[in-house]
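Here our numbering is used: position 263 in the sequence shown is 284, and no number is missing along the way.
Where is the CB? At the ideal position from N, CA and C, for every residue including glycine.
No experiment lies behind these values; they were computed from the predicted model shown.
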Amino acid sequence: MRGFFKKLKIGLEKTRSRLVGQLTETVTGRPQFDEELFEEIEEVLIASDCGVETAGLLAGRLREECSRRKTMQAAEVLEILKEQMVLVLAGDAPATTAHQPHVILFVGVNGTGKTTSIGKIGAQLKAQGKQVLFAAADTFRAAAREQLQIWAGRSGADIVTGADGSDPAAVAFDAVSAAITRGRDVVLIDTAGRLHTRHNLMEELKKISRAVGKAMPGAPHETLLVLDATTGQNGVAQAETFGAAVGLTGLVLTKLDGTAKGGIVLGIRHRFGVPVKWVGVGEKPDDLETFDPAEFVAALFQ
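See below:
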């Protein structure tokens, strides 16, 4: 059992206790698997923040599978549900194309752990031999710039910054241009995260995205929304707002260890059709890892 799986299993303890515990209680000892059972399973999934649509989908698939079999044990019902969860989380893998540099734009509200996640991802990419450049385009928070500078110093990555209050789009443009000139492999762009309901923030993010595209046609190659898993269904609203503004290609889900509603992973994946790329279960650098659907579900049910 590799190290992160253990951390993921521990981090999902609250969700496991609530979701899997209630599912097990619901299916155990039932004389028959009827419509009432499937409705109860759907209610448990909704309560764990899977979302109404996703809960209905999973319950419907479970209903179809069970209808094909004359006899079923509780463990078999849960196994089918696990398989369907993996399918929802895996979805259709988007086609990837190599770029030099590969530009990733990170968006999200303040407090989600966005800047920290960027630092951790950059450090891991450096450890893999990639040449990384950070872009501190959140020019409204000196603390964000200083935090990225610390991560850059630790990992040996490059960083491009701007003065307090300077144009974030200009910083992003300069960063991508510098990465091209220096032959860097990856550009990780931090952005401001004031309240996602504010129109000016969304317009600013659009401007940054356009500036990056001017520096390198086709960039950003990925736009990742960083979400705090403890926010539950509020994360859905954030995904809608940011997705409408800049288009999302993936998610970074943080603080899974602090919530009993880890079902939000399933809900957002199904509703918006974008994959979870990274998942975080703690504060240490190696507490953030690339997301594996099968590993996630296995850790959830063990």
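Worksheet item: Quick one: is Asp307 buried, meaning 16 or more other Cβ sit within 10 Å of its Cβ, or exposed?
Response: With fewer than 16 Cβ atoms within 10 Å of its Cβ, Asp307 is classed as exposed.
Worksheet item: Exposed or buried, what is Pro241 when buried is set at 16 or more other beta-carbons lying within 10 Å of its beta-carbon?
Response: Classification for Pro241: buried.
Worksheet item: Are the stretch 53-65 and the stretch 264-277 touching, with three or more C-beta to C-beta distances below 8 Å?
Response: Judged by Cβ distances under 8 Å, the stretch 53-65 makes no contact with the stretch 264-277, as fewer than three pairs qualify.
Discussion item. Could you check whether Asp159 and Val181 sit closer than 9 Å to each other, using their CB atoms as the reference points?
Written reply: In this structure, Asp159 does not lie closer than 9 Å to Val181 by Cβ.
Worksheet entry | DSSP three-state assignment for Glu195, whether helix, strand or coil | Correcting the residue type first, residue 195 is Asp in the shown sequence and not Glu. Three-state result, Asp195: helix.
Worksheet entry | Proximity to Gly186 [Cα-Cα], best of Ala96, Ala165, Leu102 | Checked all of Ala96, Ala165, Leu102; the closest Cα to Gly186 is Ala165.
Worksheet entry | Close beta carbons around Phe25, own chain, < 6 Å, minus the five adjacent residues each side | Around Phe25: Glu310.
Item to complete: Please confirm if the stretch 64-77 is in contact with the stretch 274-290, defined as three or more CB-CB distances below 8 Å between the two stretches.
Response: Output reads yes: the stretch 274-290 touches the stretch 64-77.
Practice prompt. Look at Leu108 and Gly283 and say whether their C-beta atoms are less than 9 Å apart.
Written response: At the C-beta level, Leu108 and Gly283 stay beyond 9 Å of one another.
Worksheet item: Ala213 and Phe155: beta carbons closer than 9 Å?
Response: In this structure, the beta-carbon distance from Ala213 to Phe155 does not fall below 9 Å.
Fill in: Residue interval of the alpha helix (DSSP H) (run including Val65)
Annotation for Val65: the continuous alpha helix (DSSP H) segment containing it runs 56-68.
Item to complete: Indicate the three-state DSSP secondary structure (helix, strand or coil) for Lys298 in the structure shown.
Response: For Lys298, the three-state secondary structure derived from DSSP is strand.
Worksheet item: Where does the unbroken beta strand (DSSP E) through Val98 begin, and where does it stop?
Response: Where Val98 is concerned, there is no enclosing beta strand (DSSP E), although the alpha helix (DSSP H) it sits in stretches over 95-111.
Worksheet item: If you draw a straight line from the alpha carbon of Ala266 to that of Ala96, how long is it in whole angstroms?
Response: If I take the Cα positions, the gap works out to 44 Å.
Item to complete: May I have the straight-line CA-CA distance separating Thr251 from Gly129, to the nearest angstrom?
Response: Gly129 has its alpha-carbon roughly 14 Å from the corresponding atom of Thr251.
Worksheet entry | For Val302 and Asp278, the rounded distance between their alpha carbons | Here the alpha carbon of Asp278 sits roughly 5 Å from the alpha carbon of Val302.
Worksheet item: Which residues in the same chain as Gly77 place their Cβ atom closer than 7 Å to its Cβ, once the five residues preceding and following it in sequence are excluded?
Response: Result list for Gly77: Glu63, in chain order.
Discussion item. With the cut-off set at 9 Å, would you say Glu316 and Leu29 are in Cβ contact?
Written reply: Taking 9 Å as the Cβ cut-off, Glu316 and Leu29 qualify as a contacting pair.
Fill in: Nonlocal neighbours in the same chain, by C-beta distance under 7 Å from Met237, ignoring five residues either side
Val124, Val197, Ile201, listed in sequence order.
Worksheet item: Taking Lys151 as the reference, which of Ile171, Thr137, Ala178, Ala163 has the closest Cα?
Response: Minimum Cα distance to Lys151 is reached at Ala178.
Practice prompt. Grab me the residues of Lys276's own chain with a C-beta within less than 6 Å of its C-beta, minus the 5 sequence neighbours each way, in chain order.
Written response: Sequence-distant Cβ neighbours of Lys276 in its own chain, meaning closer than 6 Å and more than five residues away, are Asp249, Ala250, Thr251.
Worksheet item: Should Gln94 be labelled buried (16 or more other beta-carbon atoms within 10 Å of its own) or exposed?
Response: Counting the other CB atoms within 10 Å of its CB gives Gln94 a total below 16, which places it among the exposed residues.
Worksheet item: By DSSP, does Glu316 sit in helix, in strand, or in coil?
Response: It is helical.
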